[in-house]
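First residue of the sequence shown? That's 28 in my numbering, and the numbers climb one at a time after it.
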Amino acid sequence: MFAVIYRWRLHEGKEEQFAAGWHRVTRAMREQCGSYGSRLHRADDGTWVAYARWPDAATREGCPDVDPEGEAMMREAVAESLPAIRCRVWDDLLAEPRGD
Numbered sequence: 028m029f030a031v032i033y034r035w036r037l038h039e040g041k042e043e044q045f046a047a048g049w050h051r052v053t054r055a056m057r058e059q060c061g062s063y064g065s066r067l068h069r070a071d072d073g074t075w076v077a078y079a080r081w082p083d084a085a086t087r088e089g090c091p092d093v094d095p096e097g098e099a100m101m102r103e104a105v106a107e108s109l110p111a112i113r114c115r116v117w118d119d120l121l122a123e124p125r126g127d
């Protein structure tokens, strides 16, 4: 399994726009490219962090621009993109809580 950690600093007041664009792009990548999905976080230092999982790096690299409007929403909101961190999943003990 393959994962990528993305990090951004956003323009003040653009947080909701960014989150909406991220949601659109992530959903499209899952539906059209075989992504396992992603989680979006706001870190204590104010940066935004997303963790995305894929079957492998080739699947991620082969995913085209799946939602240009969503990507534009994100791009407009970003003040600074920090370098992505590419990871190979070594072990996985993350368990999702079961909801009723």
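Every residue gets a Cβ at the ideal spot worked out from N, C-alpha and C, and that includes glycine.
Please determine, among GLN59, ALA70 and LEU109, the residue with the shortest C-alpha to C-alpha distance to GLY89. GLN59
So, at 8 Å on beta carbons, what are the nonlocal neighbours of PRO82 in its own chain, with the 5 sequence-adjacent residues on each side left out? MET28, PHE29, GLY61 and TYR63
Out of curiosity, what's the CA-to-CA distance linking ALA46 and ARG66? 11 Å
Can you pull the DSSP bridge partners for TRP49? TRP49 pairs with nothing; no bridge assigned.
Go through its chain and collect everything with a Cβ distance to ARG113's Cβ below 6 Å, but skip five positions before and after it. VAL31
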